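J.:
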Amino acid sequence: MARKKLIAGNWKMNMTPSQAVELINTLKPLVANDEVDVLLCVPAIDIIPAVEAAKGSNIQIGAENMYFEEKGAFTGEISPAMLDDAGIKYVIIGHSERRQYFAETDETVNKKVLKAIEHGITPIICCGESLTQREQGVTIDFIRQQIKIAFLNVTAAQAASVVIAYEPIWAIGTGKVATTEQAQEVCKAIRECIAEIYDDATAAAIRIQYGGSVTAASAAELFAQADIDGGLVGGASLKEEFGKIVCYK
Ligand code: PGA
Numbered sequence: 002m003a004r005k006k007l008i009a010g011n012w013k014m015n016m017t018p019s020q021a022v023e024l025i026n027t028l029k030p031l032v033a034n035d036e037v038d039v040l041l042c043v044p045a046i047d048i049i050p051a052v053e054a055a056k057g058s059n060i061q062i063g064a065e066n067m068y069f070e071e072k073g074a075f076t077g078e079i080s081p082a083m084l085d086d087a088g089i090k091y092v093i094i095g096h097s098e099r100r101q102y103f104a105e106t107d108e109t110v111n112k113k114v115l116k117a118i119e120h121g122i123t124p125i126i127c128c129g130e131s132l133t134q135r136e137q138g139v140t141i142d143f144i145r146q147q148i149k150i151a152f153l154n155v156t157a158a159q160a161a162s163v164v165i166a167y168e169p170i171w172a173i174g175t176g177k178v179a180t181t182e183q184a185q186e187v188c189k190a191i192r193e194c195i196a197e198i199y200d201d202a203t204a205a206a207i208r209i210q211y212g213g214s215v216t217a218a219s220a221a222e223l224f225a226q227a228d229i230d231g232g233l234v235g236g237a238s239l240k241e242e243f244g245k246i247v248c249y250k
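With our numbering applied, the sequence shown covers 2 to 250.
1. On the DSSP letters alone, give me the boundaries of the beta strand (DSSP E) that Leu-233 sits inside.
2. I'd like the list of long-range same chain contacts for Asn-26, defined as Cβ closer than 8 Å, with 5 residues on each side in sequence excluded.
3. With 16 other CB atoms within 10 Å as the buried threshold, where does Asp-86 fall?
4. Taking only heavy atoms of the ligand PGA into account, decide whether any of them is closer than 7 Å to the Cβ of Ser-214.
5. Taking just the CA atoms, how far does Ala-74 sit from Lys-183?
6. Does the beta carbon of Asn-11 fall short of 7 Å from some heavy atom of the ligand PGA?
7. Exposed or buried, which one is Pro-81 when buried takes at least 16 other CB atoms within 10 Å?
8. On the CB-based measure, 16 or more other CB atoms within 10 Å of its CB, does Arg-192 come out buried or exposed?
9. If you draw a straight line from the C-alpha of Ile-209 to the C-alpha of Val-164, how long is it?
10. Kindly indicate which three-state DSSP category Asn-11 falls into: helix, strand or coil?
11. Taking contact to mean at least 3 C-beta pairs separated by less than 8 Å, is the stretch 102 to 118 in contact with the stretch 62 to 76?
12. Counting Cβ pairs, one atom from each stretch, are 3 or more of them under 8 Å apart for the stretch 175 to 182 and the stretch 144 to 152?
13. Name, in chain order, the residues that DSSP records as bridge partners for Asp-38.
14. Go to Gln-159, then tell me how far its alpha helix (DSSP H) extends in each direction, as first and last residue.
15. Rounded to the nearest angstrom, what separates Asp-107 and Ala-218 at their Cα positions?
16. Please indicate yes or no: does the CB of Gly-231 lie closer than 7 Å to some heavy atom of the ligand PGA?
17. Going by DSSP in three states, Cys-248 sits in which element: helix, strand or coil?
18. Ala-64 bridges to which residues according to DSSP?
19. Which full runs of the beta strand (DSSP E) of 3+ residues lie inside the stretch 147 to 195, going along the chain?
20. Mapping the DSSP letters down to three states, classify Ile-198 as helix, strand or coil.
21. Look at the Cβ atom of Gly-174, then the Cβ atom of Ile-126, and state whether they are nearer than 8 Å.
22. Quick check: the stretch 224 to 234 against the stretch 197 to 211, are there 3 or more CB pairs under 8 Å?
23. Hey, would you say Leu-7 sits closer than 8 Å to Leu-31, going by beta carbons?
24. By Cβ distance below 7 Å, which residues in the same chain neighbour Lys-177 in space, the five residues on each side in sequence not counted?
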């Protein structure tokens, strides 16, 4: 079965609750493409008004992070049950900004992935190399390690519905989009890694996105690659351009 593309926005730390509602209302008519899954991952405080604003449209709302414990004395954190209760079906896990500024590691990513799955929330697991790693020629090795640890104790049946976002760090927010060849090469290697960990059927089912300076101009070519099943879009998801990315064909 062909994989349905998932085109997701990552708003990061942008948009107040009222701005979120306004932007969703603007985007609704622009993203009416039923051939793809459309998702906006928004700041925690925007989730409830965003879910309300997106009702009746094809926009699903996701979260940008969550903690790996059930509940308790973890001031400032958001639990999986809170996301679930708010109607959230997807959560970004291990974005490079969280790894860089908030000390997330492959191990905490794995814990969060397991916890999200336990609560029926699909994790979008982020991976990606730095510019130095790319120049050193260790990109694929590094990403295979990130993937292997992220999927520890995840069953094949669970893995099949997980989403992976390949986001080279040097391409995030820099305007330097990876070439389609670079993006396809790594997404293919990720799929091969999943086939090694599990089997061919799991590898064929799992969705792998590309992220990093995706724009309306680059989307069509990227999404046409055999192993690229959509995108994780930062900057361009904060404006009407996101509609053009969703309707990339
Ligand atoms: P960008 O961000 O599209 O602004 O490069 C992508 C991301 O970090 O998910």
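The C-beta atom is built at its ideal place from N, Cα and C for all residues, glycine as well.
If you're wondering where the values come from, they're calculated on a predicted model, not measured in any experiment.
T.: Inspection of the coordinates gives the following:
1. Segment 231 to 234, the beta strand (DSSP E) holding Leu-233.
2. Hits under 8 Å: Ala-54.
3. Result: exposed.
4. Checking the Cβ of Ser-214 against the ligand PGA gives yes.
5. Note that residue 183 corresponds to Gln in the displayed sequence, not to Lys. Answer to the nearest angstrom: the Cα atoms are 43 Å apart.
6. A distance criterion of 7 Å places the beta-carbon of Asn-11 in contact range of the ligand PGA, judged by its closest non-hydrogen atom.
7. With 16 or more Cβ atoms within 10 Å of its Cβ, Pro-81 is classed as buried.
8. Buried, since its Cβ has 16 or more Cβ neighbours within 10 Å.
9. The alpha-carbon of Ile-209 is positioned some 6 Å away from that of Val-164.
10. Strand at Asn-11.
11. Because the criterion of three Cβ pairs below 8 Å is met, the stretch 102 to 118 and the stretch 62 to 76 touch.
12. With contact defined as three or more Cβ pairs closer than 8 Å, the stretch 175 to 182 and the stretch 144 to 152 are not in contact.
13. Partner(s): Leu-7.
14. Unbroken alpha helix (DSSP H) run through Gln-159: 157 to 160.
15. Our two residues, Asp-107 and Ala-218, have alpha carbons roughly 33 Å apart in a direct line.
16. Annotation for Gly-231 indicates a beta carbon at 7 Å or more from all heavy atoms of the ligand PGA.
17. Here Cys-248 sits in coil by DSSP.
18. According to DSSP, Ala-64 bridges with Val-43, Val-92.
19. Counting only runs of 3 or more, we get 164 to 167.
20. For Ile-198, the secondary structure class from DSSP, reduced to helix, strand or coil, is helix.
21. Cβ distance not < 8 Å, so Gly-174 and Ile-126 don't count as in contact.
22. Cβ pair count under 8 Å is three or more, so yes.
23. Between Leu-7 and Leu-31, the C-beta gap is not smaller than 8 Å, which leaves the two residues out of contact.
24. Beyond the five residues adjoining it in sequence on each side, Lys-177 comes within less than 7 Å, by CB distance, of Trp-171, Ser-214 in the same chain, given in chain order.
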